[in-house]
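Asker: For the sequence shown, full-length UniProt numbering begins at 1 and goes up steadily by one. Glycine included, C-beta positions come from ideal geometry on N, C-alpha and C. Sending over a structure as structure tokens; questions will come in a sec.
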Amino acid sequence: MKKPKIIFIDLDGTTLDDGPGLKFWQKDTTEYTRKTLLELNKTIPVVASTGRGAKESTSKLVSNFGPETYIAWNGAKTIENGQVVHEYAFSKENTQKLFDELARNFCFVVFNSDGRNSSFARNKFLRLFMGFAKQYAKPYKAFKNDFTIYKAFVWSWSTRRIQKLAKKWQEQYKGIFEIAITGSKNNRLEITPADCSKGSAEVRYCLSKGIDPQDAMHIGDSLNDASTKGKIGTLVAMKNSVQELKDIADVVTEYECDESGLAKFLEQFIEKTEN
């Protein structure tokens, strides 16, 4: 396998292998994965590329295995050494357009990964079906288009329904919204401004460093990683990936995330020193 000049890694379901069965906000990397990534970072830049937000918790995670450098919210923000070097938010007009569409279809939504302050459901009854953030969700009527939105995390009570909406909106709002299906069951949506995806952000990051995107590698597990196909040289799917990602990936790892599959796969790129 060709040795990449830069490696982009998803976090949830890919890198965070400590604590199988824990909620996503409780997960971390094992010591083995941390050491592997730190060693690899000495010769090949390893950059997290995630749907998670540009938040202190994300910065803390990535700082465990390298610089505080990562692509957040599927490309809506890029952080380099703790500083925002790129950001792309919804316009106020498109924010309202998005919220109206979500409300019309009775969707649950969390904006900017802020479940405590920016989560919404149609009413108190329906929010009981939200799972994540249900204790904080406000009714639609409480929404005010008075803050900057980078990403919407969207779901419904039916997987089939959310998949139908994704297909419809990808056509209806082409050039306005970027809609990525995510989740281990393809039952969640991550919505960002148009052309704001992991793939686009990674190409931009590579070019800023003088690296040909075809010499880059992306490793992930869900369909929000699919945007890197054709933009980044090598797409690697974790063994635990959704089948749709495995079908388009160039490589599938031998082990799952919870088996430290990322670190085991990346060890091949660590330069060995002779005693």
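Using three-state DSSP, classify residue 264 as helix, strand or coil.
Answerer: Of the three classes helix, strand and coil, the one that applies to residue 264 here is helix, per DSSP.
Asker: Which residues bound the alpha helix (DSSP H) around residue 58?
Answerer: 56 to 63
Asker: State buried or exposed for residue 46, treating a residue as buried only when at least 16 other CB atoms are found within 10 Å of its CB.
Answerer: The residue in question, residue 46, is buried, as its Cβ has 16 or more Cβ neighbours within 10 Å.
Asker: Determine which residues share a DSSP beta bridge with residue 28 and list them.
Answerer: 18
Asker: Give me the residue from 141, 75, 30 and 202 with the minimum Cα distance to residue 87.
Answerer: Considering only 141, 75, 30 and 202, the residue with the shortest C-alpha distance to residue 87 is 75.
Asker: With 16 other CB atoms within 10 Å as the buried threshold, where does residue 19 fall?
Answerer: exposed
Asker: Hey, out of 260, 44 and 34, whose CA is closest to residue 329's CA?
Answerer: An answer regarding residue 329 cannot be provided, because it is not within the stretch 1 to 275 covered by the chain.
Asker: Could you give the distance in angstroms between the alpha-carbon of residue 7 and the alpha-carbon of residue 219?
Answerer: 8 Å
Asker: Tell whether a beta-carbon distance below 7 Å holds between residue 77 and residue 54.
Answerer: For residue 77 and residue 54, yes; Cβs fall inside 7 Å.
Asker: Given this structure, state the Cα-to-Cα distance separating residue 170 from residue 177, to the nearest angstrom.
Answerer: Using only the alpha carbons, I get a separation of about 8 Å.
Asker: Which whole-angstrom value describes the C-beta separation of residue 49 and residue 71, a residue pair presumed to lie in contact below a C-beta threshold of 8 Å?
Answerer: The C-beta separation of residue 49 from residue 71 comes to about 4 Å, placing the pair in contact by the 8 Å criterion.
Asker: With distances taken from CA atoms, which of 155, 267, 215 and 16 is nearest residue 108?
Answerer: 155
Asker: When the distance is taken between beta carbons, is residue 100 closer than 7 Å to residue 257?
Answerer: Going by C-beta atoms, residue 257 is not nearer than 7 Å to residue 100.
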